[in-house]
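Residue numbers (our numbering): 36 to 161.
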């Protein structure tokens, strides 16, 4: 069952998403990714911009929660805002224990690293 898409453009929205992800059980041996992620931007790479980040949280039992994060107005706050457990989106993206699926990760990874210092780990490239 797919829940309604949540549009995030505030720090409070980010905290809710980070907390949702942090509550999920995951480990490297799990073949099913917890997160399915894609970026959109102008000339997406180190030479372009990141505008939107789409995150589908696949928490299991057929439950999926889609989120669209508006990176443009949030900037680096999108990656540094922490939830109740002290995790940020940057921590999640850099965690090798949280499996993330990306759709052609090359430009996404380049843009993340160049613009926000995010070094992706635990990625499955689709």
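For every residue, glycine included, the Cβ atom is placed at its ideal position computed from N, Cα and C.
None of these values were measured; they are calculated from a predicted model.
| Check | Outcome |
| --- | --- |
| For residue 160, which three-state DSSP category applies? | strand |
| Does DSSP put residue 70 in a helix, a strand or coil? | strand |
| What's the C-alpha gap between residue 91 and residue 49? | 14 Å |
| DSSP has residue 95 in a bridge; who is on the other side? | 98 |
| Less than 8 Å between the CB atoms is what I'm expecting for residue 74 and residue 88, so what's the real figure, rounded? | 5 Å |
| Please classify residue 186: is it buried, with 16 or more other beta-carbons within 10 angstroms of its beta-carbon, or exposed? | Given that the chain is displayed from residue 36 to residue 161, the structure contains no residue 186 and the question cannot be resolved. |
| Could you give the DSSP three-state label for residue 79: helix, strand or coil? | coil |
| Quick check: what's the CA-CA separation for residue 129 versus residue 137? | 13 Å |
| Among 70, 84 and 38, which one has its Cα closest to the Cα of residue 160? | 70 |
| Please report how far the alpha carbon of residue 131 lies from the alpha carbon of residue 140, in whole angstroms. | 15 Å |
| Give every residue of the same chain whose Cβ lies closer than 8 Å to the Cβ of residue 123, excluding the five residues on either side of it in the sequence, and list them in chain order. | 53, 114, 115, 116 and 117 |
| May I have the straight-line CA-CA distance separating residue 146 from residue 109, to the nearest angstrom? | 16 Å |
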